[in-house]
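Protein chains in written order, with my numbering: chain A, 634 to 1181; chain B, 740 to 1063. Right, one structure below, let's go through it.
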Amino acid sequence: MVNKKTLIPLCFILLCLCLLPSCGRKKDTARYDDPGKPAWGDMIITGSIAEPSNLIPILSSDSASHEVASYVYNGLVKYDKDLNIVGDLAESWEVSKDNLSITFRLRKGVRWHDGKPFSAHDVMYTYRVTVDPKTPTAYSGDFKLVRKAEVLDDHTFRVTYDRPFAPALISWSVAMLPKHLLEGKDITASPLKRKPVGTGPFIFTEWVPGDRVILTANPDYFEGRPYIGRYMMKIIPDTATMFLELKNSSIDLMGLTPLQYVKQTDYPAFRREFNRFKYLAFAYTYLGYNLRNGLFKDKRVRQALAHAIDKREIIDGILLGQGIEATGPFKPDMWAYNGNVKRYDYSPEKALALLREAGFERDADGTLRKDGRPFEFTILVNQGNVVRIQSAELIQRRLSAIGITMKIRVLEWATLVNDFIDKRSFEAVLLGWTVPNDPDLFDIWHSSKQGVKELNFIGFENREVDELLVRARHTLDRGERKKYLDRLQEVLAEEQPYTFLFVPYSTVALHKRFKAVEPAPAGIMYNFIKWYVPENQMRYGSNAAVSR
Amino acid sequence: MLRYLVKRLFFMIPMVFGITLISFAVIHLVPGEPGALEAEMNPKITKEARERIRSFYGLDKPLYVQYWSWLTRIVRFDFGTSFATDRRPVIDKIKERLPITILINLISMGLIFIFGIPIGIYCARYKDTFLDRFLTSFVFAGYAAPTFWVALLAMIFFGVYLEVLPVSGIKSYDFREMNILEKVFDVTRHLVLPVCISAVGSLAGISRYMKSSLLEVLRQEYITTAYAKGLPESVVIRKHALRNALLPVITILGLSIPGLIGGSVIFESIFSIPGMGQLFYFSVMARDYPTIMGILVIGAFLTLVGNLVADISYAVADPRIRIG
C-alpha cells in the first residue's frame, strides 16, 4: 500500500497549490461609480448559451450568429434608438412619387475590413445571392418582391417594386456582403462563414470552436472608432453556469430572468459591480385559441375568457412585476401602438354573464355546460419555458373558479410545433411572438396564411382585418398606415382571437465600468460604439483573450 | 490467440452496423429538423425558403435513401458535411474537439484508479470498521448524487464563494500572455473541478469491485497458506491476494468507456468545455444528423475497442483465460 501513502498526500498538495493563488483580481469596486473620461481600450464579454453557426447572416437563423454578425456588418439602413429608420451604409434615400422605387445614395469612402472599397455593386451582389434559388437562405421573402434592382453608379442603387410595399425600406437593413470575396464562388462553402469580412464597427479576430468568438474595434469605422477595444462572446451552454460566471464578474453582460433580476442580483456586492437595465422586450405572450374548434367559434366565449384571466396576477406573481399587460400585438413604445382599444378587466362576473349569453349554464356542482357538455379544454405549452408553464397554472386556477376545466400539457418545442400546431390538433396554446420593428402583421393574421407551417395557425378569418393588413402593407405614408393599424388593433381587441397576456421587460446586467449606456425603446445596444471604460477602470489588456 | 482476435474483430462489423441503424432511426424519429428549430414560427422565414432548405439537405428523400447514402459514405470513412449552417466536414469538427475530451477522460480515469483501488483495498482489509462504512457511504453518495447538481454546488463554493477556482472554461482570458509554467498551472486550475466531478461518480463502482473481489480472494485457501507460512500481512495482500483480485478490475476499464463518453456530454456542457460531449449536445439540439451520427460511430467504435482491449489484457494478465 505504498501507492496510497505517497499518492494521496501528493494529490492533496497539488490540489492546495491549485487553490492558493486566486489570480489576484482587483476588488477595488467603489471607483466604478466615477464616470471618468472616454478612452479607447478594454474588452466586453457577453455570454451565449449557443455557439454561432455561420457568420454569413443570410445563411444562419440562430440568434448567436446574428448577434456577432450585427457588429461585423452593416445594412443600408437601420433603426435608431427610438426605432426610426435612419441611414447606415446609405447616406440618404429617395422614394419615387409613385411609391414604387427607392433610390439609395451610399456613403463614400467606406471600406471593407480587408481594405477594398464598398460600392453599389456589393449591394447588388447581396440582393442577387439572396434571391438565387441555389442559396439556402430563409430570408429571401422580402427581396423576392423586387421587380428590378439597378446600380446607377458606384454609390447609387435603385430598387423597384411591383406595388408599394411598406416594409420595403427596412428590408434593406440586412447585412451587406462583400462581392469581391464571394462572387462566383459557392457561398455555402465560403471561408467567410467562419471569418467574416464586413464594413461594421468590429473586425472579426478569432473563433475558438465551442469556446468563444472575438472581435476587435475597427479603427476606420465610418461612424468613428468604437471606444471598447474588443468584444468577446463566450459560449456557456448552461444558463446556471453563465449566471455564476456573471456573479464572478467573468462575463460583463447577460440577460436576466425575472427571478434573477428581482431577487438573486439584488445585494450590495452585486450592485457595486453591476448596473441593471430594463426596457420593454420586443415580445408578447398570448393564449391562442384554435378557432376551428366549436368551443371557441363564438366571440363572446373568447371575450369571457379574457375577463376570467387575471393578467395583473400573472405579471406580479410570475414575472415578479417585470412586465406590462398586453392589449394587442404591439407594445406601447412603438409608433404603431393603439392604446384606445377595448380592454378586459379581471371580472369573473362579466365572464359568466358573457358565457351565459353564449348558452353556457352552471350546473349543481358549478361546472359550466352547454347542451350537456362541460366546458373543457387543454392548452399546450413548450417545455423549459417556466414563465409560460406557471402562467398556464394561474390561468387554470382562475378558469376553474368559474367552472371551466382547463388541462395543461407541456411538450417539447419541436413536438409541439410539428405534431400539434402544424396538424392543427390543439385547442389552445400558450405561446409568444416577437414584436417586429416594422409593424407588418400580414403573415400572422391574414386569412390566406393558414397553410402548413404558415403562421395563422389558429385559423383567424376576418374580412376587415384582411383588407386592413393588405392596405397597411402597401401604404408608405406612416400617418395613413397608422390609421389602418389602429383599426386593426381595435378589431383584434374586439374579436380576441388571442387573449393577449403580457409584454415582459428585458432585464440585463452590465458591468459598471461601461459608461454611456442609455436604455431606449430600441434596447441598450444601439449606441454600443459610444460605450467606453475610463482608463483607470479598464480590466483587460490589449492582447487578452486572443490565443494566436 | 490470433484466431480469437480475428474473430472478435469480425464480429464488430455487424455490431457497428446495428448501432448505426438504430441510432439513425432514433434520431430521425425525434421531431424537428435541422435548421427548422430556430426557423420554426419565425415570420421572416417563408414556406418556400423552408422547402428549399429541406431539399438542400436531402431531407425530402425517404429515410432509407438517406440512410443508404450515409452508409455508403461512412464505409469510405467520409463522415459527411455538418447540417449546421457552418457546413463544415464533420470529421474536422470532431477532430478539433476530441483531444480535450480524451485528456479529461484519461485524467479522471487515472484518478478513479488511483483513489478507487486503494479505497477498495482498505475497505476489504478493514471490513466493517468505521472508516470502511464512511468511505462506502462517501462513494455511494458520489454515485447517487446527480453530476450537474454536485457540479453547480462545487462551482458556487469554489468559484463564487471562495473565488479560488475558475467557474468554467479551460483557459483564462489572458492565457496568451502567460509563460509555459503559468499556462500549465492555468489549465490545471480549470480542470480541477470537471475532472474531480466526473471521477467522483465512478469511484463507487471501481472501489466496490475491488473490495468484493479482494474479499473473495482473501477467503481462498492459498491465502491461509501464506499466512500460515508466517508472511507479514502487507506481503500477503500485495504479493498474493492483490494480483488475483485485480484481474476482474481490468474488465471495468473497458466497460467504463461508454459511461465516460456519456458523462462528457453533461459535464462539458455545464463547465463549458469545448469538447466532443458539448459538440454532441449542440448537435442534438440543432438536429445536426451527420455530426450526431459521426460522434455516435466514434463513440461506438471506442467502446468496442475498449471492450476488446479489456478482453485482451485480461487474457494477457491471466494465463487461465489464454488457455481456455
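C-beta: ideal position from N, C-alpha, C; glycine also.
- Three or more beta-carbon pairs separated by less than 8 Å link the segment 843–850 of chain B to the segment 995–1011 of chain B, which places the two stretches in contact.
- Rounded to the nearest whole angstrom, the C-alpha separation of V939 (chain B) and E1007 (chain B) is 15 Å.
- Residue burial is scored here from C-beta neighbours: E1060 (chain A) has at least 16 other C-beta atoms within 10 angstroms and is therefore classed as buried.
- A straight-line Cα-Cα distance of about 20 Å links T990 (chain B) and V878 (chain B).
- In the DSSP assignment, L744 (chain B) falls within the unbroken alpha helix (DSSP H) covering L741 to L768.
- Cβ contact annotation for V956 (chain B) (same chain, cutoff 6 Å, sequence separation greater than five): A980, N983 and A984, in chain order.
- Judged by pairs of C-beta atoms under 8 Å, the segment 1017–1036 of chain B does not touch the segment 1045–1052 of chain B, as fewer than three such pairs exist.
- Judged by DSSP in its simplified three-state form, M917 (chain B) adopts coil rather than helix or strand.
- For P901 (chain A), the three-state secondary structure derived from DSSP is helix.
- Within the model, the alpha-carbon separation for P1069 (chain A) versus K1086 (chain A) is close to 19 Å.
- For R791 (chain A), the closest C-alpha among the options A:L886, A:M757 and A:D721 is that of A:M757.
- A Cβ-Cβ contact shorter than 8 Å links R845 (chain A) with M865 (chain A).
- The beta-carbon of S952 (chain B) is placed no less than 8 Å from the nearest beta-carbon of chain A.
- Judged by DSSP in its simplified three-state form, P750 (chain A) adopts strand.
- Contact of E878 (chain A) with chain B by beta-carbon distance below 7 Å involves V906 and S907.
- When C-beta distances to chain A are compared with 8 Å, every residue of the segment 989–1001 of chain B stays at or above that value.
- Cβ neighbours of V765 (chain B) within its own chain (closer than 7 Å, five residues either side excluded): none.
- Residue state for S1175 (chain A) is assigned as coil, using DSSP reduced to three classes.
- For V939 (chain B), no chain A residue has a C-beta closer than 9 Å to its own C-beta; the minimum C-beta separation is roughly 13 Å.
- Listed in chain order, the non-local C-beta contacts of Q805 (chain B) below 7 Å within the same chain comprise G797, local neighbours out to five positions each way being set aside.
- Neighbours of I718 (chain A) in chain B, taken as residues at a C-beta separation under 7 Å, are lacking, since the least C-beta distance is about 17 Å.
- The three-state secondary structure of R780 (chain A), taken from DSSP, is strand.
- Only residues of its own chain outside the window of five on either side were considered, and among them none has a CB closer than 6 Å to the CB of A967 (chain B).
- When C-beta atoms of the segment 969–977 of chain B are compared with those of the segment 912–921 of chain B, fewer than three pairs fall below 8 Å, so the two segments do not count as touching.
- The three-state reading of DSSP puts F910 (chain A) in strand, counting E and B together.
- Bridge partners of H1144 (chain A) according to DSSP: A:F907.
- Taking a beta-carbon distance threshold of 8 Å, G774 (chain A) counts as an interface residue toward chain B.
- Within chain A, not a single residue places a beta-carbon under 9 Å from that of F763 (chain B); the smallest gap is close to 18 Å.
- For a Cβ distance threshold of 8 Å, residue set T770, A771, Y772, S773 and G774 of chain A lies close to A788 (chain B), ordered along the chain.
- With fewer than 16 other CB atoms across the displayed protein chains lying within 10 angstroms of its CB, E1113 (chain A) is exposed.
- Beta-bridge partners assigned by DSSP to S734 (chain A): A:T793.
- Within chain B, no C-beta atom comes nearer than 9 Å to that of V764 (chain A); the closest sits roughly 11 Å away.
- Here Y900 (chain B) is exposed, its C-beta having fewer than 16 other C-beta atoms within 10 Å.
- When secondary structure is reduced to three states using DSSP, E727 (chain A) falls in the strand class.
- When the alpha-carbon of I1028 (chain A) is set against those of A:N926, A:L1063, A:D1052 and A:E700, the nearest one is in A:L1063.
- Secondary-structure assignment with DSSP links A850 (chain A) through a beta bridge to A:F835.
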